[in-house]
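Numbering (UniProt numbering), first residue to last: 1 to 719. Backbone N, C-alpha and C fix where the C-beta goes; we use that ideal spot for every residue, glycine too.
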Amino acid sequence: MCYLLRQDYTRDDVNVDNFLAVLFGNQTALTRYQKDGNSDPNDHIYIFYSDHGVFGVLEMGEKLVKLPATEVDMTAAKYTPQRVQAPHLTGFWLKLFVMLIEAPIIGSMILILLKNKNRITEILKNTMIPEAPMFIPEFPPKVATGSGVPFHGQHHGPSSGPQPMKGPVHFSKSDFRGVTLTDFVWHVDLESEPDIFCLEEDGKPEERVELALQCLPDYNPGCIWITDPTAPFRYWKIRDYAYAYKSKLTTPSQASHSEHFISAIEESNNKNPLAPLLISYDPDEVKRQADASTQRFKEGSELSILDGIFIAVKDDIDCYPYPSKGGTTWFHELRQVKNDAVCVSRLRNCGAVLVGKTNMHELALGTTGNNANFGTTRNPHAPDRYTGGSSSGSAAIVACGLCSAALGTDGGGSVRIPSSLCGVVGLKTTYGRTDMKGLLYHSGTVAIVGPITATVEDSILVYAAILGSSPAERVSLKPALPCLPNLSSYENWCSTGSLRLGKYTEWFNDVFSTEISDKCENILNQLSEKHGCKTIEIVIPELHEMFIAHVVSIGSEALSQLNPDLEDGKLARLTYDSRINLALFRTYSASDYIAAQCLRRRLMHFYMEIFKKVDIIVTPTTAMTAPIISPTALTVGETNMRVSGSLMRFVLAGNLLGFPAISVPVGYDKQGLPIGMQLIGRPWCEASILRLAAAIEETCAGPKKKPVQFYDILKGNLM
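Right, here's the structure in full:
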């Protein structure tokens with residue numbers, strides 16, 4: 001059935017009050033604001049409909065037609081700040097709102113209003129998008145030119161994997177002659193990536209890690225092991241632990257058996273309100289792994305530089321024998337973990353001590369890190385503030401010193417956001433660079449698994465261990481050889497100056513506080529002074545379309561994977577904010593999803609045009625520092641889409657378009673809260689962003705702020 005408004009209603013007249021007035025025949029309740037004289041084909045009407053028992057509201061509006069992306073004058077694009085329009089709710093009002101939006105009729109009307117306020121209907125239903133859909137990130141093929149150095153085009157093909165390699169392939173600046181991008185082929189001479197090592201993707205992870213060590217500066221323990229208690233705070237690196245183990249200053253067993261480590265984990269798990277770092281943890285299992293590592297050091301048979309290193313794993317990544325709950329109270333009831341995820345097995349082969357499963361925003365459906373099921377992990381720099389999410393526990397356990405590294409997943413900034421808010425390094429790899437087998441969400445098109453570490457050096461080592469595309473992705477994506485920057489000498493560091501940095505100033509400055517943009521701007525100035533890096537002004541069109549295409553893509557994919565599991569009342573066992581997100585995701589139609597994928601192809605064109613002129617796009621990681629946690633949110637949860645939108649403002653190209661990106665700490669605001677800077681690179685060019693991240697880290701080498709919650713596991717266990 002359907003009811004049409006019998007009069008022409010436009011602009012402010014198109015509202016729910018008028019719709020309900022007509023629906024129920026209450027003519028006295030009709031309001032008139034701006035009446036167009038004559039009926040027009042573009043007038044808006046509401047249609048109330050019933051389809052297979054599901055009620056909803058459709059809006060018919062004026063059709064907009066976009067120019068083909070190839071005809072758009074990108075320099076003429078205007079930046080319009082967009083803010084997510086949605087209520088901030090917690091406590092009773094949050095519960096009431098969930099009850100309303102899950103009701104068949106009124107829920108549909110509320111959700112359609114939210115979509116209209118945020119231009120989702122306008123862009124997905126009322127806009128003609130000329131591009132064909134792009135269902136996964138499609139990258140221009142890479143081929144080598146210039147000196148004839150073997151690269152992707154000669155090592156990979158649709159029917160064959162990479163050729164065996166005896167060691168790293170070393171490329172130097174003299175081997176290359178520049179970068180040219182066309183719509184059909186990406187000719188890569190890597191002038192923008194001088195002095196890199198390419199690794200064997202099919203090799204053993206411990207061998208890749210050993211080769212990654214060759215990329216790092218010489219290790220001088222005399223400069224590190226300082227007993228002066230007044231020395232500035234610094235995080236222990238993986239090589240510091242390895243040196244301590246090798247030199248018999250301590251052992252992995254002593255570190256794991258330490259009351260300091262165990263009590264810290266138990267303290268976080270027993271706070272009131274709860275604030276766990278790990279939600280699955282077995283001290284006996286940790287000790288067993290650490291004892292095995294200690295024995296290997298005694299025998300001189302350690303597996304790699306990662307042997308004995310404490311690494312945590314996000315709760316949506318399989319790590320045997322722990323369950324994978326995804327931050328829920330019930331997911332492990334449906335799915336038994338029998339093996340490690342591929343990325344976890346690679347770390348285990350390197351000898352890492354896997355300490356347990358970290359807390360997370362439930363089902364990775366949020367960016368604050370709130371979890372009313374197990375308790376919300378606190379930010380080590382300010383316990384009254386969020387860590388960011390969804391990889392909340394992974395970032396916090398690294399920031400507070402208990403682990404050298406942790407694995408997270410990133411479908412909408414979920415590695416980079418918490419890394420920025422907690423003052424650590426978060427690497428989001430190119431889509432398809434890491435094998436997703438063994439993750440709760442393993443078949444989406446926006447998410448990856450990536451490392452969170454205290455330093456860029458450690459990020460390089462862990463990345464080398466976990467990288468490696470799945471067999472299917474090698475056919476569909478044809479990934480280039482994985483590369484690392486050569487940072488082993490001063491001459492290699494000097495090559496950083498060849499990188500061209502793209503900055504969209506209006507977007508860059510769209511932050512809550514100028515402290516954030518000023519810190520990042522200062523870094524760009526120092527990179528110019530110290531290394532000669534050139535910053536080039538760029539313009540990125542249709543950033544709000546990026547937001548909409550991403551939320552429809554990730555929401556539709558999450559719902560598709562979750563739908564079979566939401567039977568028997570399990571939806572009601574989810575947190576309230578997860579239920580709000582799922583209610584919104586259910587309103588996306590097949591045509592909405594197709595429109596989002598058409599936008600993906602369009603946006604890919606814009607970004608690849610930009611990458612003809614620059615090597616890396618630079619932004620703040622987040623538009624705000626760590627938000628305050630409402631006391632009620634600790635027990636009931638919270639929905640604050642405006643905050644989520646601010647945290648996600650700069651990160652979405654990495655997910656929707658699959659680009660590699662990294663968040664690196666660049667300082668603190670006046671409240672002592674960490675600020676992160678994001679570097680977005682070309683597809684498969686992790687080496688470029690890691691090189692620049694290392695230069696930024698060196699630029700910010702001054703005294704760091706010690707987190708309020710910090711545990712010095714290594715120093716506390718020296719013999």
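- The C-beta separation of residue 310 from residue 461 comes to about 14 Å, leaving the pair out of contact by the 8 Å criterion.
- Residue burial is scored here from C-beta neighbours: residue 333 has fewer than 16 other C-beta atoms within 10 angstroms and is therefore classed as exposed.
- A distance below 6 Å between beta-carbons, with the five flanking residues on each side excluded, links residue 662 to the following residues of its chain, in chain order: 427, 679, 689 and 693.
- In this chain, residue 138 is not harboured by any alpha helix (DSSP H), its DSSP state being neither H nor E.
- Measuring C-alpha to C-alpha distances from residue 352 to each of 302, 585 and 116 identifies 302 as the nearest.
- For residue 359, the secondary structure class from DSSP, reduced to helix, strand or coil, is coil.
- In this structure, DSSP gives residue 457 a helical state, which the three-state scheme calls helix.
- In this structure, DSSP gives residue 319 an extended state, which the three-state scheme calls strand.
- In the three-state DSSP reduction, residue 248 falls in the coil class, being neither helix nor strand.
- In the DSSP assignment, residue 233 falls outside any beta strand (DSSP E) and carries neither an H nor an E.
- For residue 539, no beta strand (DSSP E) run applies, since DSSP gives it neither H nor E.
- Ranking 349, 409, 702 and 597 by CA distance to the CA of residue 128 puts 597 first.
- Residue environment: residue 362 is assigned as buried (16 or more neighbouring CB atoms within 10 Å of its CB, all protein chains considered).
- Residue 275 has its alpha-carbon roughly 16 Å from the corresponding atom of residue 326.
- Looking at the DSSP output, residue 451 shares a beta bridge with 407.
- Take residue 368, set aside five residues on each side of it, and the residues of its chain with a beta-carbon closer than 6 Å to its own are 386 and 389, in chain order.
- The DSSP-derived three-state label of residue 90 is strand.
- The region 357 to 442 contains, as complete beta strand (DSSP E) runs of 3+ residues, the segments 382 to 386, 405 to 410 and 425 to 428 (chain order).
- DSSP places residue 285 in no beta strand (DSSP E) but in the uninterrupted alpha helix (DSSP H) bounded by 283 to 299.
- A direct Cα-Cα distance of roughly 25 Å separates residue 651 from residue 318.
- Rounded to the nearest angstrom, the Cβ distance from residue 713 to residue 255 is 6 Å, consistent with a contact under 8 Å.
- Here residue 589 is exposed: its Cβ has fewer than 16 other Cβ atoms, across all protein chains shown, within 10 Å.
- When secondary structure is reduced to three states using DSSP, residue 350 falls in the coil class, being assigned neither helix nor strand.
- By the beta-carbon neighbour count (other beta carbons within 10 angstroms, threshold 16), residue 241 is buried.
- Beta-bridge pairing by DSSP links residue 642 to no other residue.
- One alpha carbon belongs to residue 487, the other to residue 102, and they sit about 54 Å apart.
- Only buried fits residue 510, as 16 or more other CB atoms lie within 10 angstroms of its CB.
- Residue 265 sits buried, since 16 or more C-beta atoms from the chains shown fall within 10 Å of its C-beta.
- Bridge partners of residue 668 according to DSSP: 674.
- Taking every protein chain shown into account, the CB of residue 64 has fewer than 16 other CB atoms within 10 angstroms, so this residue is exposed.
- Straight across, the Cα-Cα distance linking residue 605 with residue 366 is about 29 Å.
- Secondary structure within the region 508 to 567: the alpha helix (DSSP H) runs of 4 or more consecutive residues, fully enclosed, are 514 to 531 and 543 to 562 (chain order).
- If you check the CB distance, residue 593 and residue 552 come in under 8 Å.
- In the displayed model, residue 128 falls within a strand according to three-state DSSP.
- Boundaries of the alpha helix (DSSP H) around residue 331: 331 to 334.
- In the DSSP annotation of this structure, the continuous segment of the alpha helix (DSSP H) that includes residue 699 starts and ends at 686 to 699.
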